[in-house]
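Counting in my numbering, the sequence shown runs from 2 upward without gaps.
Step one of this worksheet: look at the structure below.
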Amino acid sequence: MLDSLKARLKNSDSSTARALFTTLKSIRSFEMPVIKPLHGLFYHLHKIITGFISSLTRIFYWTPLFKSQLANTPRKLYLYSGMPLLLGPLKITMGDHCRLSGHTTISGRASKTLKPQLNIGSNVGISWQNEIFVGDRINIGDNVRLAVKVRLVGYPGHPVDPAARARGEPDSDDQVGSIIIEDDVWLAAGVTVMSGVTIGAGTIVATGSVVTKDLPSGVLAGGIPAKVIKSLDLPSETGNG
């Protein structure tokens, strides 16, 4: 009804209708004058209150709920922005001092023979909107950094054969593989790692790359598919990153 009235006023040739339409637009576009000292104070109060509530829910609700789904009990887990979406059968282990965004999806492939396993090391940072699809096993080593929108694809979810896809059949075992990310690896924003891949310790993968084959340790890699760009001058021992 309101949409119909709006259309009639907007398209009417009547001066009264046009005046009413202009008045209604002015009312809709009304803006509260900004009083910077007052509204600045309100802003900081808002940040304090919402931050306090967020900390309470993180400590007493989201973190215990998530830890209840792990095979172990890691120390000093910093889980922020809610709780990750967990799908399918999964066995998850996690080391200490990890940081994990609640805007993360972790999915395990349904299999008759094994339970997919995700092993996360210590001092790992997993940023927001990561997607981790565990086919059989994904290992993430110590001190690894996964930037925003990283995807670890251990299984595709659908078969190659179009007729089988149309019947709703699952992917086949030969489409599934492990992903091994060794210590001190940094996957930049938007990186995708396919199944059957090992990324060597200390390697950095550039933004938007797709990793389809193994990468050696201590290199900068990038591209689609990702290739080694250069070797990195790394200390003989990494580990506190």
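Note that the Cβ used here is the ideal one computed from N, Cα and C, for glycine as well.
Computed from a predicted structure; not experimentally measured.
Quick check: what's the CA-CA separation for residue i versus residue j?
i	j	result
Ala222	Gly155	20 Å
Gly122	Gly41	42 Å
His1	Glu32	Residue 1 lies beyond the stretch modelled for the chain, which goes from 2 to 242, so this question has no answer here.
Gly242	Lys26	Residue confidence is low: Gly242 scores 45 on pLDDT, short of 50, so the model does not pin down where it sits. Its coordinate-derived value is still stated next. Roughly 55 Å separates the two Cα atoms.
Met195	Leu153	6 Å
Gly240	Leu88	Any answer about Gly240 is weak, because its pLDDT of 48 lies below 50 and its placement is not dependable; what the coordinates show is given next. When rounded, the distance between both Cα atoms is 31 Å.
Asn131	Ser16	56 Å
Ser30	Tyr79	42 Å
Thr51	Gly103	17 Å
Leu233	Ile205	9 Å
Thr22	Leu39	Per the sequence shown, the amino acid found at residue 22 is Phe instead of Thr. Going by the C-alpha atoms only, they are around 34 Å apart.
Asp137	Pro226	23 Å
Ile49	Leu57	12 Å
Ser55	His47	12 Å
Ile28	Arg19	14 Å
Asp215	Arg76	32 Å
Between the Cα of residue i and the Cα atoms of the options, which residue gives the shortest distance?
i	options	result
Thr94	Ser16, Thr74, Lys37, Asp4	Thr74
Arg100	Arg19, Leu233, Arg146	Arg146
Val125	Gln118, Lys150, Asp97, Asp4	Asp97
Ile107	Ile133, Gln118, Lys92, Asp4	Ile133
Gly209	Gly224, Leu216, Ser13	Gly224
Leu1	Arg59, Leu119, Thr24, Phe43	With the chain covering 2 to 242 only, the question about residue 1 has no answer from this structure.
Val192	Ser5, Lys92, Val151	Val151
Let me check one thing: in DSSP terms, what residues is residue i bridge-paired to?
i	result
Lys68	In DSSP, Lys68 forms no bridge with anything.
Lys92	Gln118
Ala222	Val206, Val229
Phe22	Phe22 pairs with nothing; no bridge assigned.
Is the Cβ-Cβ distance between residue i and residue j less than 7 Å?
i	j	result
Pro90	Lys116	yes
Ile127	Thr105	yes
Ala207	Ala148	no
Leu235	Gly201	no
Val229	Val212	no
Okay, do the segment 207-227 and the segment 166-175 touch, 3+ Cβ pairs below 8 Å being the bar? no
Contact the segment 47-67 vs the segment 78-90: 3+ CB pairs below 8 Å: yes
Should the segment 184-194 be regarded as contacting the segment 160-168, the criterion being three or more beta carbon pairs within less than 8 Å? no
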